[in-house]
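**Student:** In terms of full-length UniProt numbering, the sequence shown opens at residue 1 and continues consecutively. Quick reminder that beta carbons are idealized off the backbone N, C-alpha and C, glycines included.
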Amino acid sequence: MAESREHTFTGTKGLNTVREWPHDRPRYVAVLIHGYGEHIGRYEYVADRLVRHGAAVYGLDHMGHGRSAGDRVLVADFEDVVTDVHAVEERARADHPGVPVVVIGHSMGGMIAARYAQRYGDGLAALVLSGPVIGAWEIVPTLLAYEELPDAPVDPATLSRDLSVGDAYAADPLVWHGPFKRATLEAFATTLAAIAKSGSLGPLPTLWVHGADDELVPLSGSRPGIEAIKGADLAERIYEGARHEVFNETNKDEVLDDVTNFVDRAI
């Protein structure tokens, strides 16, 4: 696997940790945006593939996630997370002036990436959304209807047909295994509405990848969200039989080939 290093910066709500997989002479910078309850350390394989493809890779542990500060999985406003990601992009650009930047977001990270593209897309070369929480995510209104939130953690078996992925997830001490926080669910609802109202991504080359058997973030809920923001250059890849984490699926190399081929075209 590609070597990595960590550094920290003061984000909108406290000290944030960033993982960097360096490349001496990158063709592009890839900014990875992880999903709910997890951390950027779960993206070693993705980062390794991207480094071998010519990228310098950066990824943030969001506030309340992984090694970053904050109450666990508490995000009161995802606009703050978008701002933190922008600080990572600015660091990457300072390290690699003039190099094109690609943003890749998975699940909740796909939602953050979509909102990021609406705020900062003019500076991006390409956007990749993997199983994005966008459009209608029924778990949000369902859970918010409860007076007391149920303890409904992610079922590791829904992540991948490679069951070792779920086993590693369940054993990972940096993964959150508890219930949602109400403020975070409310922030999801606010951000999903903001994305829907904020319009097209315009000419930004965008790739949407999704597992056809994704039970956590169903394809049927994400599609209307993609339709609401898609611009002039949208490609999609739906993988039959794949579950939520297509970057960790049994066909992950096919998925990452699609991503790197897309990036080659975009840059």
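What alpha helix (DSSP H) runs, 4 residues minimum, are completely inside the segment 24-71?
**Tutor:** With a minimum length of 4 residues, the unbroken runs of alpha helix (DSSP H) contained wholly in the segment 24-71 fall at 44-52.
**Student:** Mind checking whether histidine 244 and leucine 216 have CB atoms under 9 Å apart?
**Tutor:** Stepping through the sequence shown from its first residue, residue 244 is reached at position 244. Stepping through the sequence shown from its first residue, residue 216 is reached at position 216. Between histidine 244 and leucine 216, the C-beta spacing is below 9 Å.
**Student:** Thinking just about the alpha-carbon of each residue, which of Ala183, Pro132, Ala87, Arg182 is nearest to the one in isoleucine 226?
**Tutor:** The residue labelled residue 226 in the question sits at position 226 within the sequence shown. The shortest Cα separation from isoleucine 226 among Ala183, Pro132, Ala87, Arg182 belongs to Pro132.
**Student:** Compare the Cα-Cα distances from proline 173 to each of Gly66, Pro26, Lys181, Tyr43 and report the closest residue.
**Tutor:** The count along the sequence shown starts at 1 and reaches residue 173 at position 173. Looking at the Cα atoms, Gly66 is the closest of the given residues.
**Student:** From the DSSP output, which residues share a beta bridge with threonine 10?
**Tutor:** Taking the sequence shown and counting its residues from 1, the one referred to as residue 10 is at position 10. Beta-bridge pairing links threonine 10 to Leu15.
**Student:** Quick check on the DSSP output: the beta strand (DSSP E) that includes serine 130 runs from which residue to which?
**Tutor:** Locating residue 130 in the sequence shown gives position 130, counting from the first residue. That run of the beta strand (DSSP E) goes 126-130.
**Student:** According to DSSP, is glycine 178 helix, strand or coil?
**Tutor:** Sequence index remark: in the sequence shown, residue 178 carries index 178 (1-based). Of the three classes helix, strand and coil, the one that applies to glycine 178 here is coil, per DSSP.
**Student:** The alpha helix (DSSP H) that contains valine 165, what's its start and end?
**Tutor:** Mapped onto the sequence shown, residue 165 falls at position 165. From DSSP, the alpha helix (DSSP H) with valine 165 extends over 163-171.
**Student:** On the premise that aspartate 71 lies in contact with histidine 39, defined as a C-beta separation below 8 Å, what is that separation, rounded to the nearest angstrom?
**Tutor:** Mapped onto the sequence shown, residue 39 falls at position 39. Mapped onto the sequence shown, residue 71 falls at position 71. The Cβ separation is near 15 Å, so there is no contact.
**Student:** State the Cα-Cα distance for the pair lysine 13 and alanine 76, rounded to the nearest angstrom.
**Tutor:** Working through the sequence shown from its first residue, we reach residue 13 at position 13. Working through the sequence shown from its first residue, we reach residue 76 at position 76. Their backbone Cα atoms lie some 10 Å apart in a straight line.
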